[in-house]
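Each remark here refers to the structure printed beneath this line.
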Amino acid sequence: MPTDVLFAVVFINLALVFYTVGVWWERLSGTLRPAHLAFFWAGFACDSIGTEAMRRIMGGRFELNLHGVTGLTALALMFVHALWASWVLARGDEEAKHRFHRFSVLVWTIWLVPYFTGYLLSMRG
Numbered sequence: 015m016p017t018d019v020l021f022a023v024v025f026i027n028l029a030l031v032f033y034t035v036g037v038w039w040e041r042l043s044g045t046l047r048p049a050h051l052a053f054f055w056a057g058f059a060c061d062s063i064g065t066e067a068m069r070r071i072m073g074g075r076f077e078l079n080l081h082g083v084t085g086l087t088a089l090a091l092m093f094v095h096a097l098w099a100s101w102v103l104a105r106g107d108e109e110a111k112h113r114f115h116r117f118s119v120l121v122w123t124i125w126l127v128p129y130f131t132g133y134l135l136s137m138r139g
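What the sequence shown shows, in the working numbering, is residues 15 to 139, in sequence order.
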């Protein structure tokens, strides 16, 4: 596997790990905490790095297909999610902290679409 592809794959998979841990840890704990927020931002950062690496591998092109559209949508949602979580924690609203997991699980589920379509596209060659 070429080094640039390996770099991108490692960061996309790190995004999966960080984001999954953050979302499900928050869900299982029942309330949003600063540690969860750190995992959300780490997942977003890794996904951004991996996505940019893949974009460069593709020669800077954006493909208007299921993977491309859901990938950009998911990345934007991850950013909004982490930003909103930061705001909820800064406000200190306990009710919002307890309800936040609903949005987290939704964004995580949407994020899985480009993750798995990317995996399937890479298997196709």
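Cβ coordinates follow ideal geometry from the N, Cα and C atoms, glycine included.
Check	Outcome
Spatially closest choice to Ala-59 from Phe-130, Val-31, Trp-39, Phe-76, by CA coordinates	Val-31
Residue environment, Glu-40, which counts as buried when at least 16 other CB atoms sit within 10 Å	buried
Close Cβ partners of Thr-45 (< 6 Å) along its chain, the five nearest in sequence each way excluded	Lys-111, His-112
Inter-residue Cα distance where the pair is His-81 and Glu-109	35 Å
Where Pro-48 sits in the DSSP three-state scheme	helix
C-beta atoms of Gly-57 and Met-92 nearer than 9 Å	yes
Per-residue burial, Pro-128 [other beta carbons within 10 Å of its own, 16 or more giving buried]	buried
Inter-residue Cα distance where the pair is Leu-126 and Leu-28	13 Å
Straight-line gap, Leu-135 to Trp-101 (C-alpha atoms, nearest Å)	36 Å
Residue nearest to Trp-122 in terms of C-alpha spacing, selected from Glu-77, Tyr-33, Ala-104	Tyr-33
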